[in-house]
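Colleague: The opening position of the sequence shown corresponds to residue 15 in my numbering, with each subsequent residue numbered one higher. The structure that follows is given in the form of structure tokens.
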Amino acid sequence: QATDRDKTLIRFHGRNLHGWQKKHAGDNWREVRYLYRYNHRELTEWVANIRKLEDQCKDLYVLFNNNSGGDAADNAKQLIELLDIEYEGLAPKQLGLF
């Protein structure tokens, strides 16, 4: 259920249960806890929930917590494809800085 009629945020932190329960992760505890890449099935499970939330609020935001494996961008692209989202009116891609 949407938390607000104007704006609602879904944040994907990952499902790395082992990383959170590990007692001695050392100095790299952040890398261990958040290191997780959602698979196709896990993302597909969210599609119906996201569609439902879209009807309950004006603006819905979905955020993937980035990790040491750089999984956030790939998971976001997968979810965009699953939701059949097409963007219009975006600025052209920047080819290079120099």
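In this text, a Cβ means the ideal position worked out from N, Cα and C, and glycines have one as well.
Is it buried or exposed for arginine 47, if we count other Cβ within 10 angstroms and need 16 for buried?
Modeller: Your numbering for residue 47 matches position 33 in the sequence shown. So arginine 47 ends up on the buried side.
Colleague: Less than 8 Å between the CB atoms is what I'm expecting for alanine 90 and phenylalanine 78, so what's the real figure, rounded?
Modeller: By one-based count along the sequence shown, residue 90 stands at place 76. By one-based count along the sequence shown, residue 78 stands at place 64. About 5 Å; that satisfies the 8 Å criterion.
Colleague: Compute the Euclidean distance between the alpha carbons of glycine 40 and glycine 33, then round it to the nearest angstrom.
Modeller: To locate residue 40, count along the sequence shown from 1; it is residue 26. To locate residue 33, count along the sequence shown from 1; it is residue 19. Straight across, the Cα-Cα distance linking glycine 40 with glycine 33 is about 12 Å.
Colleague: Output the boundary residues of the alpha helix (DSSP H) element that contains aspartate 69.
Modeller: Residue 69 sits at position 55 when you count from the first residue of the sequence shown. Residues 54-70.
Colleague: Using a 10 Å radius around the Cβ and a threshold of 16 neighbouring Cβ atoms, would you call tyrosine 75 buried or exposed?
Modeller: Translated into positions along the sequence shown, residue 75 becomes position 61. By the Cβ neighbour-count rule, tyrosine 75 is exposed, with fewer than 16 other Cβ atoms within 10 Å of its own.
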